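Some notes on the structure that comes next.
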Amino acid sequence: MRVSSPVGRWSAATLASLLGAQIFHVVLAWSVLRVSGPMSAAVVLALGTLPRIAMMTGLTAGLAARFAPLRLAPGGELVRAVLALGAAAVLAAGTLDFTALLVASVAFGLVEAVTEPGTGGLPALVAGPADQQRMQTLRTTLFRATVVLGGPLAGLSALLGLSTALIVNAAVFVVSAAVFALLRPLPADPSAPAGAMPGPGGMPGMAGPPGPDSPKLGEALALPGVRAALICTVLIELGCPGAFNVGTLLLADHRDWGVTGFGVLVGAVGLGTVVAALAPSFARRLRGSGMGLILACLLTAAAMAGVSRAPNLPVAAVLTAVMALTAAAASAATLGVLFSGPRPEAMGMVMGTVMAAGALAAPLSYLAVGAVARGWGPAPALLGCAGALTAAALVGLADRSLRTATAPEMPAGPPAGPPPAGPENPDGAAPADPAAATAPTGEAPAADPSLPDDTGHLSAKGA
Numbered sequence: 003m004r005v006s007s008p009v010g011r012w013s014a015a016t017l018a019s020l021l022g023a024q025i026f027h028v029v030l031a032w033s034v035l036r037v038s039g040p041m042s043a044a045v046v047l048a049l050g051t052l053p054r055i056a057m058m059t060g061l062t063a064g065l066a067a068r069f070a071p072l073r074l075a076p077g078g079e080l081v082r083a084v085l086a087l088g089a090a091a092v093l094a095a096g097t098l099d100f101t102a103l104l105v106a107s108v109a110f111g112l113v114e115a116v117t118e119p120g121t122g123g124l125p126a127l128v129a130g131p132a133d134q135q136r137m138q139t140l141r142t143t144l145f146r147a148t149v150v151l152g153g154p155l156a157g158l159s160a161l162l163g164l165s166t167a168l169i170v171n172a173a174v175f176v177v178s179a180a181v182f183a184l185l186r187p188l189p190a191d192p193s194a195p196a197g198a199m200p201g202p203g204g205m206p207g208m209a210g211p212p213g214p215d216s217p218k219l220g221e222a223l224a225l226p227g228v229r230a231a232l233i234c235t236v237l238i239e240l241g242c243p244g245a246f247n248v249g250t251l252l253l254a255d256h257r258d259w260g261v262t263g264f265g266v267l268v269g270a271v272g273l274g275t276v277v278a279a280l281a282p283s284f285a286r287r288l289r290g291s292g293m294g295l296i297l298a299c300l301l302t303a304a305a306m307a308g309v310s311r312a313p314n315l316p317v318a319a320v321l322t323a324v325m326a327l328t329a330a331a332a333s334a335a336t337l338g339v340l341f342s343g344p345r346p347e348a349m350g351m352v353m354g355t356v357m358a359a360g361a362l363a364a365p366l367s368y369l370a371v372g373a374v375a376r377g378w379g380p381a382p383a384l385l386g387c388a389g390a391l392t393a394a395a396l397v398g399l400a401d402r403s404l405r406t407a408t409a410p411e412m413p414a415g416p417p418a419g420p421p422p423a424g425p426e427n428p429d430g431a432a433p434a435d436p437a438a439a440t441a442p443t444g445e446a447p448a449a450d451p452s453l454p455d456d457t458g459h460l461s462a463k464g465a
């Protein structure tokens, strides 16, 4: 892959952008902790998630649509570079201004929320259909690499000083902006209708407005297993984000592991989520399994308790990776139960409610961990997160519909009925893999959409 090609330029710019964001989150979180203490760090991290919640609910999509993606991408990177330089100036001046760091965190999250919906469509503008699937696969690979390596690299850069690390971070964003600016759109397709817009959902992959036959919220929650799965989702999101982002931060400070130790723990969280995403057979066993959900919650709680008592950084890193892996498995199992349970017309209402509840629980998790850690230390805070996961397991055990939920069996043979229209197989045999038969030459088959991808839960992309 040549860097001068559109795919190469897009990949280089995306790698720099993802790496820069990871470094910024780690260095800023540690800076706030040094300036104002545990509770202030929790507040900054919690408020920094609000713009991302707005993006998940579609509130920023309209704002992003006002700008051309090819201008939005480099512009957003330059704004993030300015924010990193501003935070570096605050730290270098020695004023220890908590308000300035808080504003930088929220503004950084807002820039992400506005630019990501637009820049996600860049592959369709700069590359042909043959390269677009390849670019999406590359983005997944780059994301997984940065969540594993970004934390340790941020910790190492912080050894030069927090302000210096933020200056380096700003330089990474400038490089990303420069490479994004080199991208050029493909010539317009004369056969495409003018003013073509996405389907009913408005954005690819997004559901449209509910139809007249869609059930009300109360009716959707009354479906078997849905209410219990919703409670489990809230409890998982009350336990995991605070433990992953605030708990590891405060534990590294309390144990004198420093910002490098915090970066290692952040990388361990990324490693756990990546392993969960790269284990499709493991995910298929858990998908839609009520007992798999219960077991994953209990294992996550045990790993959290172990992290709180870890004697050294290597042990804590291993347990943190296990904690992230099992938490991702728990989230995948919860979504599987929801997908296999409600009738199709209720799915939109159920998933929207679950996503909203989980997103709102994440900032509360940050604040709860910060408050407990300020009074009793990070170990009791992590034990409290473990208690939330244990409660989720108990909810699953208490609800028979959720406890006995199983993944639907996939048909072993080819589907019944006539084959789809298309060119006949000259050998007269059906292809072994329908996805492979329809994939363009040289491309991998499309991934199973029900398997966990980049994130195991709503907080996986946190600091």
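In short: position in the sequence shown from 1, add 2, done, that's the numbering used here.
Glycine included, every Cβ here is placed at the ideal spot set by N, Cα and C.
Nothing here was measured: the structure is a model prediction, and the numbers come from that model.
Would T322 pass as a contact of L158 if the rule is Cβ separation under 9 Å?
no
Helix, strand or coil at L273 according to DSSP, with G and I counted as helix
helix
If you count every other CB in all the chains shown that lies within 10 Å of the CB of W378, and 16 or more means buried, which is it?
exposed
Out of G269, L327, V45 and W32, state which residue places its alpha-carbon closest to the alpha-carbon of D258.
W32
On the three-state DSSP scale, how would you describe L158?
helix
Which residues bound the alpha helix (DSSP H) around F26?
P8 to S38
Helix, strand or coil: how does DSSP classify W378 here?
helix
Indicate the three-state DSSP secondary structure (helix, strand or coil) for R141 in the structure shown.
helix
Cutting at 6 Å between CB atoms, please list the residues of its own chain near L300, excluding the five before and the five after it.
A395
Compute the Euclidean distance between the alpha carbons of T117 and G244, then round it to the nearest angstrom.
26 Å
The alpha helix (DSSP H) spanning S178 covers which residue range?
L164 to A183
Please return the same chain residues whose Cβ sits closer than 8 Å to the Cβ of A373, not counting the five positions on each side in sequence.
M41 and A44
Distance between beta carbons of P380 and L240, contact taken as under 8 Å:
L240 to P380, Cβ: 17 Å. No contact.
V228 and A359 closer than 9 Å at C-beta:
no
Name the two residues that bound the continuous alpha helix (DSSP H) containing D255.
T250 to H256
Alpha helix (DSSP H) segments (min. 4 residues) lying fully within the segment 106-135
124-128
Following the continuous alpha helix (DSSP H) through T235, name the residue where it begins and the one where it ends.
V228 to P243
For F246, the nearest candidate out of A279, V397, V266 and R186 (CA to CA):
V266
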